[in-house]
Amino acid sequence: MSGTMIVNTLAGLLIITSLLVICVKRPTASAVFYSLQSLVLVLIFVTMATNMHAEELYAWSISAFITKVVLVPVIMYRALGTLNDPVADKGGLGTAWTVMVGVVIVLLSFLVVSAVQLPSIAALKPALGVSLGHFLLGVLCIVSQRNILKQIFGYCLMENGAHLTLALLAYKAPELVEIGVATDSIFAVVIMTVIARQIFRTLNTLDVRQLTALKG
Amino acid sequence: MSMSPLDLLLLSVGLYATGAILSLLLAGNDEKAISVSGVLGALGGVAGLAAALPVLISGTGKTVTFATCFSFADFVVRFDLLGAFMVAVISLMVVATSVYSLSYVREYVGRGAWAMGLYMNLFVASMVCLVVVDNAFWFLVFFEMMSLASYFLVIFDQHEEAVSAGFQYFLIAHAGSILILIAFFILYSKSGSLNFETFRHLSLAPWQASIVFLLAFFGFGAKAGMIPLHGWLPRAHPAAPSHGSALMSGVMVKIGVFGIIKVGVDLLGAHELWWGIVVLGFGAVSSVLGVMYALVQHDIKRLLAYHTVENVGIILMGVGAGMIGMATHHPVLAAVGLLAGLYHLLNHAVFKGLLFLGAGSILFRTHTKDMEELGGLAKRMPYTAVAFLIGAMAISALPPLNGFVSEWFTYQSLFTMSHDGIFVLRLAGPIAIVMLAITGALAAMCFIKVYGLSFSGLPRSAHAEHAKEAPWPMVVAMLFLAAVAILLGLGASVVSPVLVNVAGSLTQLGAVPQVAYQSLLMPGNPGQAIVSTPMIILLLLVGVVVALIIAESGKSVRMSRRHGGDSWACGYTQESHMVVSADSFAGPLKKNFAPLFNLREQLNPGPMLNSGVARSIRAAERAEPFWDAVLVAPVLKFVPWLGRQAQKLQHGDFRIYCLYVVAALVILLLVTVLC
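Chains V and G, in that order, are what the protein sequence lines are.
The letter at position 4 of the first sequence is residue 28 when you use the numbering used here, and the numbering goes up by one with no holes.
The letter at position 526 of the second sequence is residue 621 when you use the numbering used here, and the numbering goes up by one with no holes.
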């Protein structure tokens with residue numbers, strides 16, 4: 025089994041884990057699945073680093089492991105575990121529909137990516153398609169779910185997708201960029217978590233339909 | 096150092112202008128402004144007389160042209176006989192009114208008296224320039240200056256009636272200006288120049304000339320206050336300060352007559368017979384209706400203003416007869432008719448100015464213009480009473496005063512016309528004569544009423560009771576005009592040859608007829624009529640002397656003093672309400688001529704203008720919803736609709752906003768990829 029095949033297979037695993045993040049009811053479960061997904065991502069980085077002799081990707085995988093596999097899930101698990109709004113957990117798009125839409129998104133992403141003509145990633149096209157699809161699945165999570173905590177996960181999925189794209193296309197990038205991306209996601213998650221707790225404490229709801237004060 | 100008439104004329108205008116500017120500079124110091132504007136105005140009047148009289152006496156005018164930076168607007172000054180005559184009339188009146196203003200305007204101290212000095216002097220200066228300028232452009236400029244300056248005099252008091260009267264005056268004056276403008280424009284389009292000299296040599300088709308004449312006739316007629324364009328006059332003249340009324344009534348309306356003579360006679364040559372008949376007809380109607388409306392007035396200044404309508408009518412009758420004479424190539428009729436018109440123009444300026452100054456003196460001392468509130472002023476204001484009486488006699492055309500002379504010439508011209516003319520004229524002449532006779536009779540009746548109610552009898556109010564004689568500058572001004580009125584009557588045999596020369600210079604029909612021989616006056620033909628004003632006064636004096644002789648000779652048999660008790664009132668106690676009032680005096684007339692009084696309401700263009708304005712407002716109100724419905728309402732509906740649609744974008748659910756962000760990204764990507 026070649027390295028590229030391993031990368032492409034792991035990319036497929038990413039899709040499944042992200043669907044799990046979206047579809048499970050409890051936010052804490054989502055945090056666990058998110059951690060799992062991030063682990064898959066780290067494995068992709070490691071494989072690529074070995075396969076392509078890209079030393080930088082080792083540094084990436086280490087920082088991603090620390091931030092995405094450990095820090096972010098722990099923060100979210102600890103911070104969000106106490107928040108519970110059964111109303112918000114209901115509704116939204118059903119599991120079956122979410123899976124169907126996810127399939128459509130992945131197909132469309134492959135279609136889009138097929139037009140890309142870059143020799144360096146000719147073999148990794150499926151992975152690239154997955155990375156784009158992953159980003160869009162993050163959007164799907166945000167749009168289809170009523171619970172604002174799920175939307176934080178949606179953001180994280182988008183972030184993972186973007187991260188994978190970056191690794192596939194620019195794995196020679198300096199560590200600085202990677203560190204920037206990782207810390208960015210941590211800070212964003214921390215801020216969103218704080219806001220979510222504030223919202224729950226003030227309004228006693230996590231339902232996005234109740235939060236329409238933005239309307240002019 | 097001797098100055099030519101033109102230098103003096105320039106000096107005169109310069110003095111008026113200086114008076115106006117100094118008044119403006121002295122704004123805030125009313126006392127000084129009154130003195131400066133009054134003295135400079137009077138000096139300007141003297142200079143104007145000094146400029147005009149040599150031209151009138153020598154019978155030769157002068158024309159000078161100054162080029163300006165506009166090729167169409169040569170500043171042509173034509174100081175001919177007609178111009179000199181008008182300058183003389185204006186200057187004479189300005190001398191009197193300026194002296195009068197020295198005291199009269201003190202009433203306005205603290206109420207912007209300086210502005211009155213400014214407007215009066217500008218008003219006079221623009222009139223003087225207007226009558227000597229010989230270019231249509233400058234003519235209109237000065238005409239407009241005159242209208243505006245007098246407009247500000249009318250609204251000077253700022254009360255509601257004055258402002259409303261001023262607005263009506265403004266409308267009618269400018270309606271007139273537009274007609275005149277069109278008339279000049281037609282002439283300009285034919286001659287290619289705005290100089291009057293080119294208009295004189297223009298040969299127009301009769302219908303074109305007639306259009307120009309009618310435009311000018313009604314345009315200037317509005318200024319002259321002839322019926323039916325007189326509506327503004329009885330409102331505007333009383334509203335202005337009295338010395339301003341004297342100038343407006345005495346001089347400014349004559350600018351209207353001057354304009355009719357200028358265009359109809361001087362520029363167009365009065366070729367068409369019917370022009371003269373139109374002028375005569377409007378004149379006759381104006382004179383009869385004017386005096387009738389005057390009779391029923393309570394307000395003394397309003398009454399005098401209606402008499403201006405009447406006298407402009409008489410002047411127009413003379414001018415009309417003269418124009419008929421020109422059209423029928425009858426030199427005597429032409430000259431005598433115009434002589435009558437011009438003479439009455441001068442006389443009316445003098446006695447109407449005098450009467451307005453008299454009314455001003457009454458107003459100054461009693462603060463009322465209502466004759467019902469006056470009475471008994473002859474004892475309290477003797478000089479004013481004497482001067483007013485002379486003015487009243489003159490306007491009633493009693494011999495030997497000046498009004499009599501000019502009306503006599505008017506009669507004579509109408510007699511000549513009825514005698515020598517074609518059938519139409521033989522028909523029109525007697526009708527005009529009868530109307531003139533009615534006018535004269537009613538005028539005499541009217542002034543018996545004015546003098547009787549104001550100066551005789553007992554005072555009918557505390558104001559009249561406590562009146563004092565007017566200050567000396569006002570008395571001097573009135574007595575001066577009274578003396579001029581007498582002199583123009585007694586010295587008619589000196590004045591009329593001068594004026595008939597002016598008339599002759601306009602008619603251009605060869606030698607002017609003889610109108611005076613020693614102290615005798617005659618209408619060109621001594622066989623028709625002769626009269627001598629000195630002789631009349633001698634005969635009148637004989638009557639007085641005879642009465643005195645009888646009184647003296649019967650002194651011994653005279654009964655002892657009889658007028659000690661109250662007046663005889665048929666056995667009742669004399670009471671104040673038994674006194675004749677303004678209403679009771681004119682009552683029978685008002686009843687008998689009711690249709691004519693109703694006519695006034697119908698002919699007055701003021702209400703017509705007002706209703707026209709109201710109609711256009713209503714039409715605009717009707718038209719407005721149409722555009723509202725077609726243009727505004729859809730826009731009004733569309734904008735909120737657009738807003739509501741835009742609001743839908745603002746759903747409130749932030750997931751939608753996320754989608755927007757993604758959609759925007761996708762679109763931008765697509766654009767980048769596809770382009």
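Every residue gets a Cβ at the ideal spot worked out from N, C-alpha and C, and that includes glycine.
Cutoff 7 angstroms; reference V/L227; Cβ partners in own chain excluding five residues on either side:
In the first sequence, residue 227 of chain V corresponds to position 203, counting from 1. Q234, listed in sequence order.
Per-residue DSSP class, three states only, for V/D300
Nothing about residue 300 of chain V can be read from this structure; chain V reaches only from 25 to 240.
Between which two residues does the beta strand (DSSP E) holding G/F251 run?
Within the second sequence, the letter at position 156 stands for residue 251 of chain G. No beta strand (DSSP E) contains G/F251, which DSSP labels as neither H nor E.
Is the shortest distance between the beta-carbon of V/I166 and the beta-carbons of chain G less than 8 angstroms?
As a first step, residue 166 of chain V is located in the first sequence; it is residue number 142 there, counting from the start. Answer yes: the Cβ-Cβ gap between V/I166 and chain G drops below 8 angstroms somewhere.
Can you give me, in chain order, the residues of the stretch 749-761 of chain G that have a beta carbon less than 7 angstroms from any beta carbon in chain V?
F749, R750, C753, L754, V757
What I want to know is whether the C-beta of G/M321 ends up closer than 7 angstroms to one or more non-hydrogen atoms of the ligand MN.
With respect to the ligand MN, the structure shown offers nothing to examine, as it has no ligands at all.
Per DSSP, which residues does G/R173 bridge with? Please list them.
Residue mapping note: residue 173 of chain G aligns to position 78 of the second sequence, counting from 1. Bridge partners of G/R173: G/T158.
Can you pull the DSSP bridge partners for G/D229?
Walking along the second sequence from the start, residue 229 of chain G turns up at place 134. The partner list for G/D229 (beta bridge, DSSP) is empty, contrary to what the question assumes.
Expected contact under 8 angstroms - CB spacing of G/A400 and G/S344 to nearest Å:
Along the second sequence, read from residue 1 onward, the residue named residue 400 of chain G stands at position 305. Along the second sequence, read from residue 1 onward, the residue named residue 344 of chain G stands at position 249. Yes, they are in contact, since the Cβ atoms of G/A400 and G/S344 sit about 6 angstroms apart, within 8 angstroms.
Does the pairing of the stretch 113-131 of chain V with the stretch 707-717 of chain G give three or more beta-carbon distances under 8 angstroms?
no
Assuming G/E564 and G/T479 make a contact with CB atoms under 8 angstroms, what is their CB distance in whole Å?
Working through the second sequence from its first residue, we reach residue 564 of chain G at position 469. Working through the second sequence from its first residue, we reach residue 479 of chain G at position 384. That belief holds up - the Cβ atoms of G/E564 and G/T479 are roughly 7 angstroms apart, short of 8 angstroms.
Looking at C-beta atoms only, is the number of pairs between the stretch 309-327 of chain G and the stretch 268-286 of chain G that lie closer than 8 angstroms three or more?
yes
DSSP puts G/A611 in a beta bridge; with which residues?
The residue given as residue 611 of chain G occupies position 516 in the second sequence. According to DSSP, G/A611 bridges with G/L616.
Alpha-carbon to alpha-carbon, G/I250 and V/G240
Counted from its first residue, the first sequence places residue 240 of chain V at position 216. Counted from its first residue, the second sequence places residue 250 of chain G at position 155. Unreliable placement is indicated for V/G240, whose pLDDT of 47 sits below 50; the coordinate value is still reported in the next sentence. So the alpha carbons of these two residues sit roughly 57 angstroms apart.
Best match in V/I90, V/L107, V/W84 for proximity to V/R225 [C-alpha to C-alpha]
Here residue 225 of chain V refers to the residue found at position 201 when the first sequence is read from its first residue. Among V/I90, V/L107, V/W84, the Cα nearest to that of V/R225 is on V/L107.
G/F470 versus G/L428: straight-line alpha-carbon distance, rounded:
Reading the second sequence from its first residue, position 375 is the one you call residue 470 of chain G. Reading the second sequence from its first residue, position 333 is the one you call residue 428 of chain G. Residue identity differs from the one stated: residue 470 of chain G is Gly in this sequence, not Phe. Each residue's alpha carbon lies about 45 angstroms from the other.
Using 8 angstroms as the threshold, is the C-beta distance between G/A482 and G/L441 below it?
Position 387 of the second sequence, counted from the first residue, corresponds to residue 482 of chain G. Position 346 of the second sequence, counted from the first residue, corresponds to residue 441 of chain G. In this structure, G/L441 does not lie closer than 8 angstroms to G/A482 by Cβ.
7 angstroms Cβ shell around G/S193 - same chain, five flanking residues per side excluded
Along the second sequence, one-based indexing puts residue 193 of chain G at 98. Excluding positions up to five away in sequence, the list reads G133, G136, A137, G140.
So is V/V232 in contact with chain G if we call contact Cβ pairs under 8 angstroms?
By 1-based counting over the first sequence, the position of residue 232 of chain V is 208. Cβ-Cβ to chain G under 8 angstroms: yes for V/V232.
Relative to the alpha-carbon of G/L548, which residue among G/G114, G/L390, G/R710, G/E239 has its alpha-carbon at the smallest distance?
Walking along the second sequence from the start, residue 548 of chain G turns up at place 453. Checking every option, the nearest Cα to that of G/L548 belongs to G/L390.
Kindly say whether V/V140, judged by its beta-carbon, lies nearer than 8 angstroms to any beta-carbon of chain G.
One-based indexing of the first sequence puts residue 140 of chain V at position 116. So, not an interface residue.
Kindly list, in the order they appear in chain G, the residues whose Cβ is closer than 8 angstroms to that of V/V163.
Along the first sequence, read from residue 1 onward, the residue named residue 163 of chain V stands at position 139. Ordered by position in chain G, the residues that pass the 8 angstroms Cβ test against V/V163 are C753, L754, V757.
Taking DSSP as the reference, what is the three-state secondary structure of G/N124?
Residue numbering aside, residue 124 of chain G sits at position 29 when the second sequence is read from its first letter. G/N124: coil per DSSP, three-state reduction.
Which of the three DSSP states, helix, strand or coil, is assigned to G/V626?
Here residue 626 of chain G corresponds to residue number 531 of the second sequence, with the count starting at 1. Strand at G/V626.
G/F161 to G/I581, Cα distance in whole Å?
By 1-based counting over the second sequence, the position of residue 161 of chain G is 66. By 1-based counting over the second sequence, the position of residue 581 of chain G is 486. If I take the Cα positions, the gap works out to 41 angstroms.
Applying the 10 Å Cβ sphere with the 16-neighbour rule, what's the burial state of V/T74?
Position 50 of the first sequence holds residue 74 of chain V. By the 10 Å Cβ count, V/T74 comes out exposed.
Assumed close pair V/M29, V/A191 - CB separation to whole angstroms, cut-off 8 angstroms:
Taking the first residue of the first sequence as position 1, residue 29 of chain V is located at position 5. Taking the first residue of the first sequence as position 1, residue 191 of chain V is located at position 167. Contact flag wrong, Cβ pair sits at about 17 angstroms.
Assuming G/F446 contacts G/A489 under a Cβ cut-off of 8 angstroms, what Cβ separation, rounded to an integer in Å, is found between them?
Here residue 446 of chain G corresponds to residue number 351 of the second sequence, with the count starting at 1. Here residue 489 of chain G corresponds to residue number 394 of the second sequence, with the count starting at 1. Between G/A489 and G/F446 the Cβ distance is about 4 angstroms, and since that is below 8 angstroms, they are a contact.
Sort G/E467, G/S186, G/G413 by Cα distance to G/I395 and report the nearest one.
As a first step, residue 395 of chain G must be located in the second sequence, where it is residue number 300. When only C-alpha atoms are compared, the closest one is G/E467.
Segment contact, 8 angstroms Cβ cut-off, at least three pairs: the stretch 413-430 of chain G with the stretch 592-601 of chain G
yes
With 16 other CB atoms within 10 Å as the buried threshold, where does G/C164 fall?
Translated into positions along the second sequence, residue 164 of chain G becomes position 69. That one is exposed.
So G/L121 and G/I356 are supposed to be a Cβ contact under 8 angstroms. How far apart are they, rounded?
For the purposes of this step, residue 121 of chain G is identified with residue 26 of the second sequence, where counting begins at 1. For the purposes of this step, residue 356 of chain G is identified with residue 261 of the second sequence, where counting begins at 1. So it is not a contact: roughly 38 angstroms between Cβ atoms.
So, helix, strand or coil for V/D109, using DSSP?
Numbered from its first residue, the first sequence carries residue 109 of chain V at position 85. The answer is coil: DSSP assigns V/D109 none of H, G, I, E or B.
If distances are taken between C-alpha atoms only, which option among V/V201, V/A194, V/L34, V/L156 comes closest to V/M182?
Looking up residue 182 of chain V in the first sequence gives position 158. Comparing Cα-Cα distances from V/M182 to each of V/V201, V/A194, V/L34, V/L156, the minimum goes to V/L156.
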